[in-house]
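Which chain is which? The protein sequence lines are X and R, in order.
If you're matching positions, the first sequence starts at 492 in this note's numbering and goes up one per residue.
If you're matching positions, the second sequence starts at 492 in this note's numbering and goes up one per residue.
What follows is a single structure, written as C-alpha cells, with notes after it.
Number of protein chains: 2
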Amino acid sequence: MTEPGLEQWLNQADALCRRRGARLTAQRRRVLAILGRTRRPLGAYAILDALRDQSARSTAPPTVYRALEFLLEHGLIHRIESLHAFIGCTHPEHPHAGQFLICRGCGLVEEKEDDRIQDSLGQTAQDSGFKSERPVVELIGLCADCRARPISASEPIGQPGVGSP
Amino acid sequence: MTEPGLEQWLNQADALCRRRGARLTAQRRRVLAILGRTRRPLGAYAILDALRDQSARSTAPPTVYRALEFLLEHGLIHRIESLHAFIGCTHPEHPHAGQFLICRGCGLVEEKEDDRIQDSLGQTAQDSGFKSERPVVELIGLCADCRARPISASEPIGQPGVGSP
DNA sequence: GGACCAACGTTATAATGTACCAATTCTCAA
DNA sequence: TTGAGAATTGGTACATTATAACGTTGGTCC
Chain X
492 MTEPGLEQWL NQADALCRRR GARLTAQRRR VLAILGRTRR PLGAYAILDA
542 LRDQSARSTA PPTVYRALEF LLEHGLIHRI ESLHAFIGCT HPEHPHAGQF
592 LICRGCGLVE EKEDDRIQDS LGQTAQDSGF KSERPVVELI GLCADCRARP
642 ISASEPIGQP GVGSP
Chain R
492 MTEPGLEQWL NQADALCRRR GARLTAQRRR VLAILGRTRR PLGAYAILDA
542 LRDQSARSTA PPTVYRALEF LLEHGLIHRI ESLHAFIGCT HPEHPHAGQF
592 LICRGCGLVE EKEDDRIQDS LGQTAQDSGF KSERPVVELI GLCADCRARP
642 ISASEPIGQP GVGSP
C-alpha cells in the first residue's frame, strides 16, 4: 500500500462500511491505517504498539482484537494463520478468502484470488460432500526477488512486524 | 485411526524412522500413539494432559513440543494452523503437505492429497516466480454428516481435543 | 432529557509456544 | 567395557497470542 493510496483505501473502506450500515470508527480506522502502511503482516501486539506510539491514550489488547474482528468480518483485512498475523486486503470490494504467497525472506505477502485454486478446492470439497465455509490457503516460501538474492536462504530481513524481533 | 490399525501404524512409523536413521523413542512413540487414537486434531496441551494421565512421571510442555517437532519433521503428523493443533498423518510413506477438510461440527478432519489442488497452487506460485516450500491448505466447514444433521449449524460436539473445553 | 445500545477502557487470566541449562541415556570407537 | 561425545529428556521460567468479564463512554432515537 503506497502512502498516496492509503487515504483512498481508507475512504473506500469507509464507504463500504457505510453502505452496509457498519461504522468504521476512529479506532478501527487507526488499526486499518496501520495495516495499510505495509505489505507485511503485523501481529496484534505489533499493532498495539503502533497504536500506543501514535496516541497518548492507553490501549489494551482487547481494543486491538475487537477492531481486528470487525475488520475481518467486513473483509477489510485478512488473517494469516501460519503467522498469527493480519494484513490489509488489497481488494475489499467484495468479501472473499484470498490465497497468500508469504515470503520468508523479506516478509512480503502477495494476495491472490485465483480461480483455478478456488475451483480445485471446491471440487475436492464437493467430492467429500464437504461444505467449505472458510478456506485457508497460504504458501510459505521465497519470492522471486529473494530467490535471486544469494543470501536468500537464511534469515528474514526487512521491516519489523511478525517474526523479526 | 482404528484401534487394531494403531499398532500397525506405529510400527510403520518406526520402520520409516529406522530407514532414515532417526529414532522413534518411547516418548515420541507415546505422543504419536495419542494422536493415532483419534481423527481429531489435538492441541499440544491436550497431548500433554494425555501423557500425564498415562504415566506417573511428570511432563512439561517442552517435552511435548520436542516430540511434535520430530514427528512433523518426519512427516508422521501434520500441524493444523487454523486450530493450533496436530493430527496424525494418514499416509506417512512419503513426506508431503496434505490438504485438510476440518469439520467445525464434529471436529473430524479428513486429509487429502489432491493433484488438482497441488497443480493449481504450483501454477499460481510459478506465475509469481514464487517458490513454495510449505503450503498450508485448510478448509473449515461442515462435513457431509454434519450437514445432514439438523442441529449442524451450531456448536461442535464430539470428543475433547481442541476448542471443546 | 432519558433509555438504549454499540463501542471502548481496564483488569485479569487463559492458551500456546520457547529459551535455557542440567540430567540422563544412547552410541561408537578405543 | 568403558569412557567421550552426542542426542534426548527433565524442568524452570518466561514470552507471545488471545479472551473473559465488567464497567464506562458516547452517540441515537423517542
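For every residue, glycine included, the Cβ atom is placed at its ideal position computed from N, Cα and C.
Keep in mind that this is a model prediction, so the values were computed, not measured.
What are the boundary residues of the alpha helix (DSSP H) that includes residue 557 (chain X)?
Where residue 557 (chain X) is concerned, the enclosing alpha helix (DSSP H) stretches over 552–564.
Note down, in chain order, each residue of its chain lying with its Cβ closer than 8 Å to the Cβ of residue 634 (chain X), except the 5 sequence neighbours on either side.
Closer than 8 Å at Cβ, skipping near neighbours: 592, 594, 596, 597, 599 and 601.
State the beta-bridge partners of residue 579 (chain X) as determined by DSSP.
Answer is X:568, bridged to residue 579 (chain X).
If you draw a straight line from the C-alpha of residue 563 (chain X) to the C-alpha of residue 576 (chain R), how long is it?
In a straight line, the C-alpha of residue 563 (chain X) is about 22 Å away from that of residue 576 (chain R).
For my contact list, residue 568 (chain R) and residue 559 (chain R) are in at a C-beta cut-off of 8 Å; report their separation, rounded to the angstrom.
Sure, about 7 Å apart at Cβ, within 8 Å.
Please confirm if residue 511 (chain R) has its CB atom under 9 Å from at least one CB of chain X.
Not an interface residue.
Please state whether DSSP places residue 584 (chain X) in a helix, a strand or coil.
Residue 584 (chain X): coil per DSSP, three-state reduction.
Is the Cβ-Cβ distance between residue 573 (chain X) and residue 627 (chain R) less than 9 Å?
Cβ distance < 9 Å, so residue 573 (chain X) and residue 627 (chain R) count as in contact.
Between which residues of its own chain and residue 625 (chain R) is the CB-CB distance below 8 Å, once the five residues before and five after are set aside?
Once the five neighbours on either side are set aside, the close Cβ partners of residue 625 (chain R) are 588.
How many Å lie between residue 549 (chain X) and residue 582 (chain R) at the Cα?
So the two alpha carbons sit approximately 51 Å from each other.
Between residue 608 (chain R) and chain X, is there a C-beta pair that is closer than 9 Å?
Output row for residue 608 (chain R): interface = yes.
Residue 634 (chain X) versus chain R: which residues are under 9 Å apart at the beta carbon?
The answer, in chain order, is 619, 620, 621 and 622.
Express the C-alpha separation of residue 502 (chain R) and residue 637 (chain R) in angstroms, rounding to a whole number.
If you take the alpha carbons of residue 637 (chain R) and residue 502 (chain R), they lie about 33 Å apart.
Find the residues of chain R that neighbour residue 616 (chain X), judging by a C-beta separation of less than 8 Å, and give them in chain order.
Residues of chain R passing the Cβ test: 592, 630 and 632.
Taking only the alpha-carbon atoms, compute the straight-line gap between residue 578 (chain R) and residue 530 (chain R) and give it to the nearest angstrom.
Each residue's alpha carbon lies about 7 Å from the other.
For residue 499 (chain X), count neighbouring Cβ atoms within 10 angstroms of its own Cβ and tell me buried if that reaches 16, exposed if not.
So residue 499 (chain X) counts as exposed.
Beta-carbon separation of residue 604 (chain R) and residue 590 (chain R) under 9 Å?
Contact flag set, yes.
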